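S.K.: Just passing along the structure, written as structure tokens.
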Amino acid sequence: MSLRPLLAQISRDPDALRLAREGGEAFVSRSLRPFLIAALLDGVDDALAAGRPAVVVAGDDRQAQELTADLRAWLAPRPVRLSPSRGVAYESHLAPPPHLVGLRVAALDALIAASGPSRDEPPVVVVSAVALSEKVPDPELRPHGFTLSRGDLVDLEEVAADLVVAGYERVDQVQDRGQFAIRGGILDLFPATEDHPVRVDLFDIEIESIRRFSTFTQRSLGDVERVEVAPAAELSAEHRELAGIAALSAADERPDIAELLPTDRFHALLDLIPEDAQVLIASDEEIAPALTDHWHDVCAAFHDDDAHQLYVPPQEIAAALDRRCRIRLSSLASDQPLEFRAQAADVGARSMAQAEPALEQQVRSGYRTVVTFARRGEGERAAYNLARLRAPWLDEDAGSAPAAGAEGAGSLRFAEATLREGFIAPGFQLAVVPEHRLFRRRRAERTGGQSAAQRRRGRLGSFTDLRGGDIVVHEDHGLARFAGFETKTVAGVTRDYLELEYAGSDKVFLPVDQLAKITRYVGAAAAADGTIKLSKLGGKSWETLKSRARKAAQELAGELLNLYAERRRRTGYAFAEDSNWQIEFEAKFPYRETADQAEAIEAVKADMERPQPMDRLICGDVGYGKTEVALRAAFKAAADGRQVLLLAPTTLLAQQHHGSFSERLKDFPFTIDVVSRLRSAKDQREAVAAFNEGKIDILVGTHRLLGRDLQPKNLGLIIVDEEQRFGVRQKELLRQIKLRVDVIAMSATPIPRTLQMSLAGMRDISVIETPPEGRRPVKTYVGDYDEQLVRQALEREHARGGQAFFLHNRVETIDETAERLRALCPDMSFEVAHGQLSEHDLEDRMMRFLRGEADVLVATSIIESGLDIPQANTLIVERADLFGLAQLYQIRGRVGRSTERAYAYLLYPSAAALTEEAMKRLTALSDYTELGAGFKIAMRDLEIRGAGNLLGDEQSGHVAALGFELYLAMLDDAVRAAGPQEGDDDDEREPVRLDVSVDAYVPADYIPYEAAKIDVHRRIAAARDVADLGTLREELDDRFGPIPEPLEALLSLQQARIRLGEAGANAVSIRQGRMTVIGMDLDDDARARLAQELPEARYEPARAQISLAVPETPAERFPVVLRAADALLSVVRAA
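Structural data, given as structure tokens:
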């Protein structure tokens, strides 16, 4: 829905009409700026901009991006495009990100196309001042884009060649803009200008369908008729290759970029904009400083002549704007001839009932009042609650809206739109109130999340990914090297096999239906030379190792069960159900909960309302909303009269938690305090004493709180953040005080012991694996330290208005490093922070950075935990090789906490100086850049470091010998055996053995990539019911095309195996036209029902088996097999 009908309100103000028709300069309140710009461009029929393309000039890229989003809400369906800066400086020799290139190219092309005859509405292009200063290659130099439409006849390999020329990268699986993949007759493509990738499905050479799909699940989202493929590069492949080679050269040997590019064919962007385009300046006060700052940066990197070849000096841009621009807006109060003022629309109600009087007052005052909702469903609920005011939707009453000139014609309407800010503008008699200003909620803009069902379908059921060359563990034969898949024909039957290499060059070809016996080895059984010692086939050593480990697991299981039973025996405090206070508090949460987050909140509340003490781990990636889960639990405890203790591993994290809790709870009568080294010793003692006396409801602090003087009066809840950071002594002190109270532990990278305890059932766990709306993965670069790279990274972040972290982990030389960086980037401000500063000095410096008074924070690993600075989106780690994997992962989590693309540079002196272990750590982190990689990081950390003392020396030895996953399975079995028996568990039944003479495999021409093939085999083997297989069938057809007969046979076999397993069978054989089901012990009634359901079947009581004839050909055979399996299941269930 568009807010476009409201632009006619401009006619209420004669000054605004004059500005639209004649041009000029004007002051405008910031909140009103997007509306006024949209109205000037589109609200008056005889305006300067009427029927013409328009260019709106903003300050930096961030401001341009925000203005673009607002103008789209006001002007839809008129096209509004963003033309950002390149994102990387020309002198870096690096190619700009494909999505930025696509936006720039599409914006310029739209303007050029609009200058000719067209029936389409003219576009509006928003451009940043920095983008104006960068010269643009002649459009003839760049590769051409193209369109793919349903029904087109194309050659896929020719399309692939065109995509490469256009700057796209061919990959196995599409994850980001500027990538494509081909599988058979299917093309997956992420156009550089689109929000979603598309899947192009061909029948022979004809495009049958084009569907948008999710990069998270790889599943289709909806059909489209065509897709515009914009170039992902501004230069030809030849010029890109030359620049790429130069970028890889040593800095002192690198030629000037101006020597490699045809700079005589580079133009100022304003020179390429058609003469009939209307140019409008959105924020005049921001243009000159942005241009001057950027030009200083350019001149620091270039000789003057070279700078002019690739950039436009500020004075030339100013002159061009003076010539082209007819309307200039400013938000600085000065002697402007015209003024358009508005106040913020901030109702701030707690409920719709509270909002109603404020909205009614606006209507009575004659304002045309519009409340915007990001989603129509929420607006419809609001409309129901405001039935008395009779508020229709803006798109439902276009004919009944008050006339623009009607005095006192107040009204209330709802609209579906996402706006950053609202306003109340007396001059236009217009009030626009976004929902987050109505209820004090900030809604993140949706960029394509996943439903709970989609996420469940996307999970692979394993923490690690199996790859060729990995060490695996076969539960019967031991450690082997996975050499890959091989499709073999044995006795006339073709199947997929896993090729496993053992000691002495022995090999085993394992049928894929035994995939459940294989796990990827995670441990540290490396020999002195760093290699893994493989098992020897046929020997007794593997069985001996398993026997010893099984005994140790049984002993550990007994200890764990005793601890678990002790907690269950103890009676804790059962909290009351949610109060009205709780509901009111939760309504103030300024974001939308993800489904996982909501599930974790409900699980915690349910635990708290039980009389047994809670012990729950909340595991979620960095920035995924664990703190909100803790906040709601803390509120529930405090509202019920119980005290809350929150422990954090570092002083800064404790301070930030104290700030977060204080802010969220400020409207409620709870006392919150903090104990950390930033407080004086006297203040700390007084805070602990007040907590002991019950005068403080929530106390936040570090391990200092675990001292002997802590004796809370009425403790009800302990929250432990980043529990893997606490040492053994702190954990033991914590254990002594938590047996009778509820405990929540939070962790982004759980230590393997935590994983083990949780997975073995000794601890409740909630996993938050859905990223917040709009969150994007952190782009991670691993490589040699290069000062030019550092300068470019910092300058890029500075150019888009953000902040950066530079991590130097030696206090002795950190000031020297900061000075070096100041010389490298003289126009930027730096702050230094480390743990040896005085308490107040450290706090002052951190607060200055939090307030945005410094561009770069040069710090030690003190920044590792918990700091939440959304505007900081670049991280540079100078000696990344000196950090542990989990620590690096936590550090990288300091950036990427907003919808902005974040960058992490993990640098080291030189590859030659790296240890093998350090290289593994850095490689792992660059591998796991996707959102939600914390579990995988934890498992790789165990693989690299070994179990160490996390499990104790004896247990870690067994983990090293057997691998973590097999040892964990043994421990799980031991716990089940030692625990109370509650009947048979169907999930633990041995899978039905298959002896089937039929070709069943994944053809290489259907899924050519081994990783995807492994994934499919894993998911077939892991399917627990027919619904899982149905979902997998749909996904395979969607991603790879129609399922070939051998794969359909594999799926049908698994379906029959599931059904027969549910019926109680042990094995099934299909040979020579007969199907034999073994292990069916039927009584007389069951035999009678079998004769009715499956009259052709023959039952042999002595052998407890059933047999029947089946067709020879697979196409005819499997429907009979599946019908027989369903009939047998029906017979057994009727017993």
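Mapping of the sequence shown onto the UniProt record's numbering: residues 1 to 1135, in sequence order. All C-beta atoms in this analysis are idealised placements derived from N, C-alpha and C, irrespective of residue type, glycine included. Source: prediction; values computed, not measured.
(1) Can you confirm whether the region 180–190 touches the region 1034–1043 when touching is taken to mean that 3 or more C-beta pairs between the two stretches lie within less than 8 Å?
(2) Quick check on the burial criterion: 16 or more other C-beta atoms within 10 angstroms. Buried or exposed for methionine 847?
(3) Assuming leucine 966 contacts threonine 519 under a Cβ cut-off of 8 Å, what Cβ separation, rounded to an integer in Å, is found between them?
(4) Between Ile696, Gly87 and Ile37, which lies nearest to residue 1166 when the distance is taken from Cα to Cα?
(5) Take the Cβ of asparagine 714 as the centre, count every other Cβ of all protein chains shown within 10 Å, and call the residue buried at 16 or more, exposed below.
(6) Between the region 1117–1134 and the region 1068–1078, can you find at least three pairs of beta-carbon atoms closer than 8 Å?
(7) Since lysine 636 is in the alpha helix (DSSP H), which residue starts that stretch and which ends it?
(8) With 16 other CB atoms within 10 Å as the buried threshold, where does alanine 1134 fall?
(9) What is the DSSP secondary structure of threonine 193, counted as helix, strand or coil?
(10) Here's a check: name, in chain order, each residue in its chain whose Cβ is nearer than 8 Å to the Cβ of glutamate 878, leaving out the five neighbours to either side.
(11) Determine the closest residue to glycine 222 out of Ala648, Arg199, Ile471 and Gly659, with distance taken between C-alpha atoms.
(12) Taking DSSP's pairing of strands, which residues face leucine 705 in a bridge?
(13) Comparing C-alpha positions only, which one of Gly145, Pro826 and Leu1060 sits nearest to glycine 1079?
(14) Just how far apart, CA to CA, sit proline 77 and arginine 52?
(15) Thinking just about the alpha-carbon of each residue, which of Asp13, Val171, Ala230 and Pro649 is nearest to the one in leucine 338?
(16) Beta carbon of phenylalanine 585, beta carbon of arginine 664: below 9 Å?
(17) Hey, how far is the Cα of phenylalanine 661 from the Cα of leucine 631?
(18) Leaving out five residues before and five after alanine 320 in sequence, what residues of the same chain have Cβ atoms less than 6 Å from its Cβ?
(19) Run through the region 985–1066 for me and flag every whole alpha helix (DSSP H) of 4 or more residues, listed as ranges in chain order.
(20) How long is the line joining the alpha carbons of glutamate 225 and glutamine 612, rounded to whole angstroms?
(21) Examine the Cβ distances between the region 1090–1109 and the region 1018–1035 and report whether three or more of them are shorter than 8 Å.
(22) Within the continuous beta strand (DSSP E) that includes threonine 372, where are the two ends?
(23) If we count the other Cβ atoms within 10 Å of its Cβ and call it buried at 16 or more, is glycine 405 buried or exposed?
(24) With distances taken from CA atoms, which of Ala38, Leu419 and Asp621 is nearest tyrosine 889?
(25) Indicate whether valine 741 and glycine 701 have their beta-carbon atoms separated by less than 9 Å.
(26) Would the beta-carbon of threonine 234 fall within 9 Å of that of proline 137?
(27) Quick check on the DSSP output: the alpha helix (DSSP H) that includes valine 227 runs from which residue to which?
(28) Taking DSSP as the reference, what is the three-state secondary structure of proline 1095?
(29) Which partner residues does isoleucine 287 have in the DSSP bridge list?
(30) Is it true that the CB of leucine 332 sits closer than 9 Å to the CB of alanine 282?
(31) Beta carbon of glutamate 416, beta carbon of arginine 375: below 9 Å?
(32) Confirm, please, whether the CB-CB distance from leucine 6 to glutamine 278 is below 9 Å.
(33) What number of angstroms, rounded off, separates the C-alpha of leucine 534 from the C-alpha of leucine 821?
(34) If I'm right that alanine 230 touches proline 191 with Cβ under 8 Å, what's the distance once you round it to whole angstroms?
(35) Are the beta-carbon atoms of leucine 67 and alanine 58 separated by less than 9 Å?
(36) From valine 1132 to alanine 1124, what distance separates their C-alpha atoms?
M.R.: So, from the data block:
(1) yes
(2) exposed
(3) 6 Å
(4) Lying outside 1 to 1135, the shown extent of the chain, residue 1166 is not represented and no answer is given.
(5) exposed
(6) yes
(7) 626–639
(8) exposed
(9) coil
(10) Tyr785, Phe806, Leu807, His808, Asn809, Thr817 and Leu907
(11) Arg199
(12) Answer by DSSP bridge pairing: none, since leucine 705 is not bridged.
(13) Leu1060
(14) 15 Å
(15) Asp13
(16) yes
(17) 7 Å
(18) Leu270
(19) 1010–1022, 1026–1040 and 1045–1063
(20) 58 Å
(21) no
(22) 368–373
(23) Summary for glycine 405: the model assigns pLDDT 39, below 50, so the residue's position carries little reliability; its value from the coordinates is reported in the next sentence. It counts as exposed.
(24) Asp621
(25) no
(26) Looking at the sequence shown, residue 234 is not threonine but glutamate. Yes, Cβ-Cβ distance for glutamate 234 and proline 137 is below 9 Å.
(27) Note, valine 227: premise wrong, no alpha helix (DSSP H); beta strand (DSSP E) at 226–229.
(28) coil
(29) Paired residues: none, contrary to the question.
(30) no
(31) yes
(32) no
(33) 49 Å
(34) 6 Å
(35) yes
(36) 12 Å
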